[in-house]
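Asks: I am attaching a structure below and will ask some questions about it afterwards.
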């Protein structure tokens, strides 16, 4: 009889405890993760055109000698600044100096002969034909003298523009032929971003239009203007060339760098947008957010597709609807189906 009473008392104690906790473990609220949420809303945004491009100098020249010879001097290495009119390189001038001396001697000889025969011609002592021969000989000697003087001068190569030496394809002591490009100098005080724009967006791009240009190599955004819009499309890509000019006073931007260009198209539309910090990425590169079920007090992982970035807001093209609650704070601690508590 005593054992039966003890069992009934234990049963009543368990039932009483269960009623007191409402049938739910008392630690459930203790394990809830505090999060901050926000309702998904529509916002007005301007459509932007995002394209990639390459940096090039505002003016680029490829330089070489007009005569052949052995390189005896190079003034700068790649990456160094060159001034307009600066001596860039020179050839051994000895052969051309000797040729100039020979031309000078021939000219002097022809000039002396001309002076002597001119006196005789004035006295009618020689024929018109003989005087014409010495006249032509003197003219040829003078022309040869000018040519050899030019060849000697061409053993020195001067830069026609101020800029940066981008490429040096020769070294001191090498033999070079006439007309071979050896140096590339680019003026980068202003630079151009060369890009291609789809034909569907061509009507949204105008000369003088402002553009934001992000250059990842220097981690900085620059502002420039559209200065060229191609008149004909590339046959294969069906895209048009666009060039944006940027000021580069500190010479930070160099030719060959990659740039990301953003152009405002002027088209305004309503989009779903959420704070950029709410958007997360998994190891597979999938984009997702956490959506809160208010009745169940749980956060569920949901894949979304994103569009353009506008300030601190990211456009959501698929995956969310207006009015849904998403987690904007504390989402790093969540997993799919986690119990959450809302914090202000």
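In the UniProt record's numbering, the protein residues as written are 1 to 344. Where is the CB? At the ideal position from N, CA and C, for every residue including glycine. Treat the numbers as computed from the prediction; the structure is a model and nothing was measured.
1) Suppose you measure from the CA of residue 126 to the CA of residue 148; what does that come to, to the nearest Å?
2) Apart from the five residues on each side of it in sequence, which residues of its chain come closer than 8 Å, Cβ to Cβ, to residue 106?
3) Give the C-beta separation of residue 121 and residue 138 to the nearest angstrom, bearing in mind that I take them to be a contact with Cβ-Cβ under 8 Å.
4) Leaving aside the five residues before and after residue 345 along the sequence, list all residues of the same chain whose C-beta is less than 7 Å from its C-beta, in chain order.
5) Taking DSSP as the reference, what is the three-state secondary structure of residue 133?
6) Spatial neighbours of residue 329 within its chain, please: CB distance less than 7 Å, with the 5 preceding and 5 following residues excluded, ordered by chain position.
7) Can you confirm whether the stretch 324-343 touches the stretch 298-305 when touching is taken to mean that 3 or more C-beta pairs between the two stretches lie within less than 8 Å?
8) Please identify the residue among 235, 247, 210, 285 whose C-alpha is closest to the C-alpha of residue 263.
9) Just list the residues that DSSP pairs residue 187 with in beta bridges.
10) Is any non-hydrogen atom of the ligand GDP found closer than 6 Å to the C-beta of residue 319, if you look at the structure I gave you?
11) What's the call for residue 215, buried or exposed, on a 16-neighbour Cβ count within 10 Å?
12) Straight-line CA distance for residue 195 to residue 219?
13) Measuring alpha carbon to alpha carbon, tell me which of 181, 175, 159, 161 ends up nearest residue 169.
14) So residue 243 and residue 292 are supposed to be a Cβ contact under 8 Å. How far apart are they, rounded?
15) According to DSSP, simplified to helix, strand and coil, what is residue 257?
Replies: Taking the geometry as given:
1) Translated into positions along the chain shown, residue 126 becomes position 126. Translated into positions along the chain shown, residue 148 becomes position 148. So the two alpha carbons sit approximately 32 Å from each other.
2) Taking the first residue of the chain shown as position 1, residue 106 is located at position 106. Around residue 106: 141, 144, 145.
3) Taking the chain shown and counting its residues from 1, one reaches residue 121 at position 121. Taking the chain shown and counting its residues from 1, one reaches residue 138 at position 138. No, residue 121 and residue 138 are not in contact; Cβ-Cβ is about 13 Å, not under 8 Å.
4) Outside the displayed range of the chain (1 to 344) lies residue 345, so it cannot be described from this structure.
5) For the purposes of this step, residue 133 is taken as residue 133 along the chain shown, with counting starting at 1. In this structure, residue 133 counts as helix in the three-state DSSP scheme.
6) For the purposes of this step, residue 329 is taken as the residue at position 329 of the chain shown. So the list reads 35, 36, once near-sequence residues are dropped.
7) yes
8) Within the chain shown, numbered from 1, the residue matching residue 263 stands at position 263. Of the listed residues, the one whose Cα sits closest to residue 263 is 210.
9) Translated into the one-based positions of the chain shown, residue 187 becomes position 187. DSSP, once it has assigned bridges, lists 59 as partnering residue 187.
10) The model depicted lacks the ligand GDP and carries no ligand whatsoever.
11) Position 215 of the chain shown holds residue 215. When all chains shown are included, residue 215 counts as buried.
12) Start at 1 with the first residue of the chain shown, and residue 195 comes out as number 195. Start at 1 with the first residue of the chain shown, and residue 219 comes out as number 219. Residue 195 and residue 219: Cα-Cα distance of roughly 19 Å.
13) The residue you call residue 169 lines up with position 169 of the chain shown. Cα-wise, what sits closest to residue 169 is 181.
14) For the purposes of this step, residue 243 is identified with residue 243 of the chain shown, where counting begins at 1. For the purposes of this step, residue 292 is identified with residue 292 of the chain shown, where counting begins at 1. Not quite, the Cβ-Cβ distance comes to about 48 Å (not below 8 Å), so this is no contact.
15) Locating residue 257 in the chain shown gives position 257, where the first residue counts as 1. Three-state DSSP puts residue 257 in coil, outside helix and strand.
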